[in-house]
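> Before we start, here is the structure in question, set down as structure tokens.
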Amino acid sequence: MSTPCYEFFCPVKIIAGVKSLEHIPHELANFSAFRPLVITDQGVKNAGLIQHIDDAFNSSDINIVDIFDDVPPDSSTLLVTQIADLYRKLDCDSIIAIGGGSVIDTSKGVNILVSEGGDDVTAYSGVDSLKKPLKPFFVIPTTAGTGSEVTSVAVIADTVKNTKVVFTCSFLLPNVAILDPRMTKTLPPKITAATAMDALTHAIEAFTCMGKNPLSDSYATAAISKISQNIINVMDNPSDEMGRLELAQASTMAGIAFSNSMVGLIHALGHSLGATCHIPHGVCMNIFLPHALDYNLRHGESILGEILLPLAGAEAYANTPSNQRPQAVIDYIHKLKDKLHTRCQLPRSLKETGRVEQAQFAKIVELTVDDAALILNPIEVDREDAMAILKRAW
Amino acid sequence: MKKETNTLKTKLRDGYLNTMLGVIARTLCAMSKFDATLQKELEGVPENFILQMKVLPNVASMSVQKNSKGQLDYLGKEPNKGQKANVVIAIKHPELAFLVFSFQENNAQAFARNRTIIEGDLSMAMRMIRCISHLEVYILPKAAAKKALKRYPAISFLEKTRTAAKIYGHLTLDLLPGKTT
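Taken in order, these protein sequences are the chains called V and F.
The numbering used here numbers the first residue of the first sequence as 41 and each following residue consecutively.
The numbering used here numbers the first residue of the second sequence as 23 and each following residue consecutively.
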């Protein structure tokens with residue numbers, strides 16, 4: 041049952057489709073922003089995607105002040121401080137983030153510092169710590185998974201404490217998100233698969249966790265449907281621009297859903313595994329998704345079966361007795377994982393990552409029970425439960 | 023101009039909220055002196071860490087601090103002068119707080135319904151929430167505790183009674199004249 045009282049908020053202007061990038065100069069001018077700093081990573085640069093942005097700014101009266109293109113896959117609070125210094129030094133007035141989750145979350149951290157002041161972004165961690173709007177912030181996702189372009193959350197590694205710092209506040213939401221099919225077309229197969237599974241997890245947790253509400257449900261189910269209908273097709277036809285746009289839109293919709301309902305156990309496990317073993321977030325989600333759903337189901341979670349309709353389609357839903365639908369959802373996800381593994385060797389288990397030792401389980405468990413995502417998991421999870429799930433996912 | 027209606031009802035509600043927060047704070051401190059589960063949770067909390075729980079706007083509040091012995095001390099409604107709470111858990115309105123403290127909504131539901139704000143280190147907040155949930159198992163009647171928690175642990179009536187007696191025993195000692203907490 042949806043929660044009887046809820047809040048829903050998504051003020052992000054979304055510009056999606058062909059030639060969307062060319063809207064950016066006009067949108068910046070709407071915010072009286074004329075000195076943007078671009079924040080991106082080497083992958084985006086090497087894929088030649090910056091050229092599309094440069095082209096979009098040709099024939100406009102706005103120039104990009106500088107491009108910071110060295111955000112690593114696992115960014116840190118120290119890097120946030122470094123980029124904020126660059127922004128101040130160059131007297132920029134806005135930020136354009138181009139990349140995946142790490143670039144976008146790093147840029148959110150930079151926006152906190154350049155708007156609020158200071159050098160230590162962790163001072164603004166937690167929920168609703170920011171009290172005023174930040175600088176104009178545009179996001180161009182180059183993966184279809186994090187949904188970070190429409191979320192009020194940023195997760196940034198604190199390399200000193202070796203943990204992830206979580207920031208949650210509506211002021212972190214970008215002003216504009218641009219979904220242009222050119223920007224995801226060159227995404228490698230393994231990252232395409234991992235980020236799609238990340239988006240699928242966002243949508244499923246948004247739908248099954250305690251913060252669910254009628255509006256987030258509608259985004260979540262639509263996102264699940266788009267992902268299940270397009271993921272294998274895009275894996276088999278990587279240059280299918282419209283298929284990729286569907287995944288990008290699904291990712292954004294899943295982002296809107298979970299930003300307004302939050303996530304649960306799968307993300308708590310994923311954050312902890314990522315922080316301990318430095319495994320990409322999408323891979324963590326792919327590994328834990330069916331196991332955590334199974335845990336919740338066995339301990340009394342009751343609405344998982346409803347997902348079968350958007351996930352497997354009307355015929356499969358109608359042909360499955362209602363009491364078997366929850367298990368059918370889990371079986372479907374296992375089969376999807378197998379298909380993706382066949383196509384790009386996306387790890388299905390902790391063992392298949394080749395980067396996890398069972399000796400690390402105790403640390404992962406400790407981080408999991410301390411992860412705020414657990415608050416809204418429908419079922420209580422203690423250390424013993426988390427350890428059992430890790431063993432099942434091995 | 024703001025006009026307060028039903029003053030008696032409001033005063034009773036606010037008094038109840040202050041009492042409940044005071045009871046939670048003081049019993050949490052008492053339990054931290056002997057309970058192994060609570061002490062294990064507190065091992066991961068830095069010394070001098072301060073938790074503040076409050077009901078906005080300044081309706082009710084409590085603060086506790088971890089001392090050098092790994093136990094919790096009751097600070098009163100606010101941290102001491104010059105100190106700042108490391109984690110603040112705030113409920114947005116006294117009516118919403120009353121839903122929680124009258125067990126019509128549990129803590130997780132209050133979070134899910136955006137009634138609660140957490141400021142500060144979320145992992146420490148999770149640890150302190152686990153401490154409070156553990157406390158509630160013993161100080162609340164089983165029916166109320168089952169509503170307040172997602173999962174009520176398998177404990178015997180004898181264990182519950184024995185631990186509750188210990189908590190109130192330590193609480194009584196804490197409240198004796200000459201004690202600072």
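Each residue gets a CB set at the ideal place from its N, CA and C atoms; glycine is no exception.
Please read all numbers here as calculations on a predicted model, not as lab measurements.
How about V/Val161 and V/Ile196: are their beta carbons less than 8 Å apart?
Cβ distance < 8 Å, so V/Val161 and V/Ile196 count as in contact.
> Please report how far the alpha carbon of F/Pro68 lies from the alpha carbon of F/Lys88, in whole angstroms.
So the two alpha carbons sit approximately 7 Å from each other.
> Report, in whole angstroms, the separation of the C-beta atoms of V/Leu430 and V/Val409, which I expect to be a contact under 8 Å.
With a Cβ gap of about 12 Å, V/Leu430 and V/Val409 do not count as contacting.
> Can you tell me the Cβ-Cβ gap for V/Thr208 and V/Val167, rounded? I've got them flagged as a contact below 8 Å.
Between V/Val167 and V/Thr208 the Cβ distance is about 5 Å, and since that is below 8 Å, they are a contact.
> Against chain V, does F/Leu144 count as a neighbour if the rule is that its beta carbon must be under 8 Å from one of theirs?
Closer than 8 Å to some Cβ of chain V, the Cβ of F/Leu144 qualifies, so yes.
> Going by beta carbon distance, what residues of the same chain come within less than 7 Å of V/Ser279, once the five residues before and after it are set aside?
Hits under 7 Å: Lys225.
> Report the rounded CA-to-CA distance for F/Lys114 versus F/Arg135, giving the unit in angstroms.
Each residue's Cα considered, the two are about 11 Å apart.
> Could you have a look at V/Gln289 and say whether DSSP puts it in helix, strand or coil?
Here V/Gln289 sits in helix by DSSP.
> Quick one: using the 10 Å Cβ neighbour count with 16 as the cut-off for buried, is F/Val159 buried or exposed?
Counting Cβ neighbours within 10 Å, F/Val159 comes out buried, since at least 16 surround it.
> Residues of chain V with CB closer than 8 Å to the CB of F/Lys148, please, in chain order.
Correcting the residue type first, residue 148 of chain F is Met in the shown sequence and not Lys. The answer, in chain order, is Val409, Asp410, Asp411, Ala412, Leu414 and Ile415.
> Which of helix, strand or coil does DSSP assign to V/Met302?
DSSP places V/Met302 in coil when its eight states are reduced to three.
> For the segment 320-353 of chain V, which residues have a beta carbon sitting closer than 7 Å to at least one beta carbon of chain F?
Within the segment 320-353 of chain V, no residue qualifies.
> I'd like to know if F/Thr185 contacts chain V, where contact means its C-beta is closer than 8 Å to some C-beta of that chain.
No - not a single Cβ of chain V is within 8 Å of the one on F/Thr185.
> Using the C-alpha atoms, what's the distance from V/Pro181 back to V/Met223?
Cα to Cα, the separation comes out at about 7 Å.
> Exposed or buried, which one is F/Ala58 when buried takes at least 16 other CB atoms within 10 Å?
With fewer than 16 other Cβ atoms within 10 Å, it is exposed.
> Any beta carbon from chain V within less than 8 Å of F/Gln105's own beta carbon?
For F/Gln105, the answer is no, since every Cβ of chain V falls outside 8 Å of its Cβ.
> From F/Thr74 to V/Asn270, what does the alpha carbon distance come to, in whole angstroms?
It should be pointed out that residue 74 of chain F corresponds to Gln in this sequence rather than to Thr. Taking the straight line joining both Cα atoms gives about 48 Å.
> Would you kindly check if the distance between the Cβ of V/Gly139 and the Cβ of V/Val111 is under 8 Å?
Closer than 8 Å, so yes.
> State the start and end residues of the unbroken beta strand (DSSP E) segment that holds V/Gln22.
Coverage of chain V is limited to positions 41 through 434, which leaves residue 22 of chain V absent and any answer about it impossible.
> Rank V/Phe71, V/Leu240 and V/Ile90 by C-alpha distance to the C-alpha of V/Asp133 and give the top, closest one.
Considering only alpha carbons, the answer is V/Phe71.
> What's the gap between the Cα of V/Asn215 and the Cα of V/Leu68?
If I take the Cα positions, the gap works out to 10 Å.
> Using a C-beta cutoff of 8 Å, does V/Asp168 count as contacting chain F?
Yes, its Cβ sits closer than 8 Å to a Cβ of chain F.
> Any beta-carbon of chain F closer than 8 Å to the one on V/Val206?
Yes - at least one Cβ of chain F is within 8 Å of the one on V/Val206.
> To which residues of the same chain is V/Arg395 closer than 8 Å at the C-beta, ignoring the five residues directly before and after it?
Answer for V/Arg395: Cys317, His318 and Ile319, listed in chain order.
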